[in-house]
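Visitor:
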Amino acid sequence: MENQNQKKPRVLCIHGFRTSSEILKRMLQKRWPETVLQKLDLVFLDAPFPAHGKSDVEGIFDPPYYEWFQGNQDFTEYKNFEECLKYIEDYMVKNGPFDGFLGFSQGAILIAALPGMQNEGVALTKVPKIKFLIIISGDKFGGAKFTAPRLAANAFSSPIECPSLHFIGELDFLKPGGTVLVESFLDPVVIHHPKGHVIPRLDGKKKAKLVKQIHEKAQLNIERRTEQYAHQANKGRKKVASEPDEDLRTNPFQEGRTNENIVAPTKDPLQIPSEPITRARAKRFKEALNGLIQALWADSKKVEPNMSPNDAQALVHVIKAIEKAE
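Using the UniProt record's numbering, the letters of the sequence shown map in sequence onto residues 1 to 326.
In structure tokens, the structure reads:
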């Protein structure tokens, strides 16, 4: 059985404009497999301001409805944006820590700017660094449709290194902005679906594509950061020592294991070490990384277009890979 003490990624879920945390929760429960949702510690937060007008979901979902901030008709001026950021940060301080964010629509636009604002020191300064984002039907502050609020003016001035997963609908009115938003992130994972401004269902093809892309992304991130660290840590070192007692081969995704047999290792074998990279350590690190990639690829090849919800282990692996990529 799965280790009951294994830590789930803790995700703060930010709903859309004039909806609610309960609506977002119900939509995710309806459209995403339980085998995926049960691997996440999802926390749903209502926005601080009651809806100032009619909600597009009236007659479909019951009130109350909330909004995170307000904008004028042209989205060139905003009210309560700073208050919104403080509200989220206060909640995270009292109820955290959180590993990442999931956002839909207005919530997705908001969370997409948070890593950049956090790096600038203008938002979320009292909480740990954001590890990943799941952006559903998002757009970009400073793009063609939404002028950037003052605090978010420099949110995308540099490429965003935070691991990100983007869902873009072919019929979504925010598709152009969502596509531009993707370009602001380093190595983003993008899933396209044929619907509009909705939370998409996760079918077998999407999960298979997601597995492939996240494997490539995770490998590039780990190799790039390891190379950077090795260059800095080993600068000036002429002799490389051997460390025979260090074992990096433990792999919770080994081929032949089922998800129920996965037990969290006491130490992440692919975690970037805090000590200089030696030749022996680098070799074992590479072996562990290759084992992870091969095992996950073997799993992804089993995915069929008509995969049932019970076969959603691929996305479970993706979630863990996103968390560890940071």
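Built from N, CA and C at the ideal position, the CB exists for glycine as well.
I want to see whether chain B comes within less than 7 angstroms of Asp139, judged by CB atoms only; does it?
Guide: No chain B appears in the structure shown, which is made up of a single protein chain.
Visitor: If contacts are defined as beta-carbon pairs under 8 angstroms, then Leu12 and Phe101 qualify, I think. What distance do you get, rounded to the angstrom?
Guide: Here residue 12 refers to the residue found at position 12 of the sequence shown. Here residue 101 refers to the residue found at position 101 of the sequence shown. That pair is a contact at about 5 angstroms.
Visitor: Compare the Cα-Cα distances from Ala47 to each of Tyr87, Pro163, Leu40 and report the closest residue.
Guide: Counting from one through the sequence shown, the residue named residue 47 turns up at place 47. The option with the nearest alpha carbon to Ala47 is Tyr87.
Visitor: Got a sec? Which residues, its chain only, sit under 7 angstroms from Tyr78 by beta carbon, not counting five neighbours each side?
Guide: Here residue 78 corresponds to residue number 78 of the sequence shown, with the count starting at 1. Closer than 7 angstroms at Cβ, skipping near neighbours: Phe69, Gln70, Gly71, Pro149.
Visitor: Do three or more CB pairs link the region 89-104 to the region 51-68 at distances below 8 angstroms?
Guide: Cβ pair count under 8 angstroms is below three, so no.
Visitor: For the beta strand (DSSP E) that Asp41 lies in, which residues bound it at each end?
Guide: Here residue 41 corresponds to residue number 41 of the sequence shown, with the count starting at 1. Asp41 -> beta strand (DSSP E) spans 41-45.
Visitor: When the Cα of His193 is compared with those of Leu186, Leu202, Asp187, which residue comes out closest?
Guide: Reading the sequence shown from its first residue, position 193 is the one you call residue 193. For the residues Leu186, Leu202, Asp187, the minimum Cα distance to His193 belongs to Leu202.
Visitor: Are the Cβ atoms of Gly143 and Gly177 separated by less than 7 angstroms?
Guide: To locate residue 143, count along the sequence shown from 1; it is residue 143. To locate residue 177, count along the sequence shown from 1; it is residue 177. Yes; because the gap between Cβ atoms is below 7 angstroms, this pair is in contact.
Visitor: Where does Pro50 fall in DSSP's three states?
Guide: Here residue 50 corresponds to residue number 50 of the sequence shown, with the count starting at 1. Pro50 falls in the strand class under three-state DSSP.
Visitor: Does Glu67 pass the burial test, meaning 16 or more other C-beta atoms within 10 Å, or should it be called exposed?
Guide: Within the sequence shown, numbered from 1, the residue matching residue 67 stands at position 67. Flag for Glu67 reads buried.
Visitor: Runs of 3 residues minimum, wholly inside the region 109-178: which ones carry the beta strand (DSSP E) assignment?
Guide: Counting only runs of 3 or more, we get 132-136, 164-169.
Visitor: Report the rounded CA-to-CA distance for Lys7 versus Pro115, giving the unit in angstroms.
Guide: Within the sequence shown, residue 7 is the residue found at index 7, counting from 1. Within the sequence shown, residue 115 is the residue found at index 115, counting from 1. If you take the alpha carbons of Lys7 and Pro115, they lie about 23 angstroms apart.
Visitor: Counting C-beta neighbours from all protein chains within 10 Å, is the total for Arg128 16 or more, i.e. buried, or is it exposed?
Guide: Here residue 128 is taken as the residue at index 128 of the sequence shown, counted from 1. Looking at the sequence shown, residue 128 is not Arg but Pro. Classification for Pro128: exposed.
Visitor: Counting only the same chain and skipping the five closest in sequence on each side, list residues whose C-beta sits under 7 angstroms from that of Val93.
Guide: Walking along the sequence shown from the start, residue 93 turns up at place 93. Lys126, Val127, listed in sequence order.
Visitor: Anyone know if the C-beta pair for Ala123 and Leu181 falls short of 7 angstroms?
Guide: If you number the sequence shown from 1, residue 123 lands on position 123. If you number the sequence shown from 1, residue 181 lands on position 181. Going by C-beta atoms, Ala123 is not nearer than 7 angstroms to Leu181.
Visitor: Excluding the 5 residues flanking Lys175 on each side, which residues of the same chain have their C-beta closer than 8 angstroms to its C-beta?
Guide: Translated into positions along the sequence shown, residue 175 becomes position 175. Only Ile168, Gly169 meet the Cβ criterion.
Visitor: Pick from Val189, Gly121, Gly103, Glu183: whose alpha carbon is nearest that of Thr19?
Guide: On the sequence shown, residue 19 is found 19 positions in, with the first residue counted as 1. Comparing Cα-Cα distances from Thr19 to each of Val189, Gly121, Gly103, Glu183, the minimum goes to Gly103.
Visitor: Between the Cα of Asn119 and the Cα atoms of Ile109, Phe75, Ala153, which residue gives the shortest distance?
Guide: Here residue 119 refers to the residue found at position 119 of the sequence shown. When each option's Cα is compared against that of Asn119, the closest is Ala153.
Visitor: For Gln106, is the classification buried or exposed, using 16 other Cβ atoms within 10 angstroms of its Cβ as the cut-off for buried?
Guide: Working through the sequence shown from its first residue, we reach residue 106 at position 106. So Gln106 counts as buried.
Visitor: Compute the Euclidean distance between the alpha carbons of Thr35 and Phe132, then round it to the nearest angstrom.
Guide: Here residue 35 corresponds to residue number 35 of the sequence shown, with the count starting at 1. Here residue 132 corresponds to residue number 132 of the sequence shown, with the count starting at 1. For Thr35 and Phe132, the distance between alpha carbons rounds to 20 angstroms.
Visitor: Note the first and the last residue of the continuous beta strand (DSSP E) segment covering Val36.
Guide: Position 36 of the sequence shown holds residue 36. Premise fails: Val36 lies in the alpha helix (DSSP H), 34-37, not in any beta strand (DSSP E).
Visitor: Please name the residue or residues paired with Phe185 in a DSSP beta bridge.
Guide: The residue labelled residue 185 in the question sits at position 185 within the sequence shown. DSSP output for Phe185 lists Ile160 as bridge partner(s).
Visitor: As a quick exercise: from Phe146, Cys162, His15, pick the residue whose alpha carbon is nearest that of Ala51.
Guide: Start at 1 with the first residue of the sequence shown, and residue 51 comes out as number 51. Closest by alpha carbon: His15.
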